[in-house]
Amino acid sequence: MTISRRDFLATTGTCAAHLALAGAILPPAIRRRWTLPTGRVVAAEPFARLENVGKDVWALISTPLSGDFTTVCNGGLIAGKHGVLAIEGFMQPAGARWLATRAKELTGSWPTHVLVTHYHSDHTNGVAGYFDGGMTPKIHSTAATQSQVKDRNLPADPSREHALADAMMVDAASAAKLDIGGRTVRLIPKSGHTASDVAVVIDELDLVFGGDLIWNAMFPNYVDAAPSTLAKSVASLRRSADATYIPGHGPIAKTAEFDRYVAFLNEIERAAREGKQKGLDPKTLAEGYTVPASLGEWTLFQKSFIETAFKAWYKEIA
Ligand SMILES: [Zn+2]
22 MTISRRDFLA
32 TTGTCAAHLA
42 LAGAILPPAI
52 RRRWTLPTGR
62 VVAAEPFARL
72 ENVGKDVWAL
82 ISTPLSGDFT
92 TVCNGGLIAG
102 KHGVLAIEGF
112 MQPAGARWLA
122 TRAKELTGSW
132 PTHVLVTHYH
142 SDHTNGVAGY
152 FDGGMTPKIH
162 STAATQSQVK
172 DRNLPADPSR
182 EHALADAMMV
192 DAASAAKLDI
202 GGRTVRLIPK
212 SGHTASDVAV
222 VIDELDLVFG
232 GDLIWNAMFP
242 NYVDAAPSTL
252 AKSVASLRRS
262 ADATYIPGHG
272 PIAKTAEFDR
282 YVAFLNEIER
292 AAREGKQKGL
302 DPKTLAEGYT
312 VPASLGEWTL
322 FQKSFIETAF
332 KAWYKEIA
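Note that the sequence shown covers residues 22 to 339 in our numbering.
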């Protein structure tokens, strides 16, 4: 199932909309780079691929730049002896259903738990797809995410609202452990990309599902960001030199890419502070700004996204 670009842009004001615009402008060479997997690919569709990134762990890497918005954000599966945790609700129920069906094929079990990392529509709109065929996985989110989905993801989708209505609350104040049998994952509450974000950590694999706290090779969306909080949250997620990071958008990152992202965030702060000091408004500053080449490609397809980042920083500096 796909939706038109026009409908898509009309119904989402968050991460997804700017990805859609990216697809129109992104040079083919960068699009191709996006399609390069890191792990062993076990399933692939035009909208996403599923990569094996550790024992019984798979990362769903969305490839929405083709114009197929079934999933849009990244997510994944973590399997234990007694359960399977699916990460993210995706843009459409068909996306969640696709991941759940892959879980059944790969592990013998439909997801028993689903974690939604934050409220943005491309991470939550599809949650209802996990309930297909009378299945009843436990949905986990923070209370803030649950209420923001209800209040801010317009137009309201009753099925989606219902899907999150019975969500089990992830404590926004302290990390929680989820035991899925022979494997414990940690759910780490953070903020900075939005008012409430959750990261998932598998300590024994040195692996982090960062939600939208982590982006790779794409200019991040600051629409709800508290930039200095974001920087602190990101720093706290850094692990060993061999760690693997599944970003909310873009290909899988290793430490080099993670550190490049940190440097990118610092550069945006530097530019914002300099612009503010010079008395430039965010729009003017954004118009004259390019990310230094030393930081690699960040798909600067629409200058308004840069402006959004500078606006977020100006708000903080003020
Ligand atoms: Zn987001």
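Every residue gets a Cβ at the ideal spot worked out from N, C-alpha and C, and that includes glycine.
Bear in mind that the values here come from a model prediction, so they are computed numbers and not experimental data.
{"Check": "Contact under 9 angstroms by Cβ, Q169 with M190", "Outcome": "no"}
{"Check": "Presumed contact (8 angstroms Cβ cut-off) between L316 and F285, rounded CB distance", "Outcome": "5 angstroms"}
{"Check": "Contact the segment 195-204 vs the segment 98-105: 3+ CB pairs below 8 angstroms", "Outcome": "yes"}
{"Check": "Neighbourhood of M22 by C-beta distance below 7 angstroms, restricted to the same chain and skipping five residues each side", "Outcome": "Unreliable positioning characterises M22 in this predicted model, as indicated by a pLDDT of 36, which lies under 50. The coordinate reading is nonetheless provided below. The residues are T91, Q113, A115."}
{"Check": "Secondary structure of Y310, DSSP reduced to three states", "Outcome": "coil"}
{"Check": "Pairwise C-alpha distance: S254 and T133", "Outcome": "28 angstroms"}
{"Check": "Start and end residues, beta strand (DSSP E) containing G296", "Outcome": "Element bounds for G296: not the beta strand (DSSP E) but the alpha helix (DSSP H), 276-298."}
{"Check": "E290 versus E308: straight-line alpha-carbon distance, rounded", "Outcome": "16 angstroms"}
{"Check": "Stretch pair the segment 119-133 + the segment 211-221: three plus CB contacts closer than 8 angstroms", "Outcome": "no"}
{"Check": "Nearest-angstrom beta carbon gap, N95 and I82 [assumed within contact, 8 angstroms]", "Outcome": "5 angstroms"}
{"Check": "Nearest candidate by alpha-carbon position, reference A184, set I108, T145, A262, Y266", "Outcome": "T145"}
{"Check": "Nonlocal neighbours in the same chain, by C-beta distance under 8 angstroms from D153, ignoring five residues either side", "Outcome": "P114, R118, A121"}
{"Check": "Check: H103 C-beta below 8 angstroms from any heavy atom of ligand 2", "Outcome": "Ligands displayed in this structure: ligand 1; ligand 2 is not among them."}
{"Check": "Alpha helix (DSSP H) runs wholly inside the segment 86-131, at least 4 long, in chain order", "Outcome": "114-128"}
{"Check": "Cβ neighbour criterion (16 or more within 10 Å) applied to P313", "Outcome": "exposed"}
{"Check": "Boundaries of the beta strand (DSSP E) in which A197 is found, first to last residue", "Outcome": "197-200"}
{"Check": "beta-carbon N242 near ligand 1 non-hydrogen atom, thresh 8 angstroms", "Outcome": "yes"}
{"Check": "Outcome for V63 when other beta-carbon atoms lying within 10 angstroms are tallied against a minimum of 16", "Outcome": "exposed"}
{"Check": "Contact belief for Y282 with N242 at Cβ below 8 angstroms, rounded distance in angstroms", "Outcome": "Actually they are not in contact, since the Cβ atoms of Y282 and N242 sit about 13 angstroms apart, beyond 8 angstroms."}
{"Check": "A264 vs V221 beta-carbon contact at 9 angstroms", "Outcome": "no"}
{"Check": "Cβ-Cβ distance between I209 and A188 below 9 angstroms", "Outcome": "no"}
{"Check": "Same chain, Cβ closer than 6 angstroms to M156, five either side skipped, listed in chain order", "Outcome": "W131"}
{"Check": "Cα-Cα separation between A293 and A80, rounded to whole angstroms", "Outcome": "34 angstroms"}
{"Check": "CB contact check: A193 to chain C, cutoff 9 angstroms", "Outcome": "Although the question refers to chain C, the structure presented lacks it and comprises just one protein chain."}
{"Check": "Where H141 sits in the DSSP three-state scheme", "Outcome": "coil"}
{"Check": "Own chain, CB closer than 6 angstroms to E109, minus 5 neighbours either side, in chain order", "Outcome": "C94, G96, H144"}
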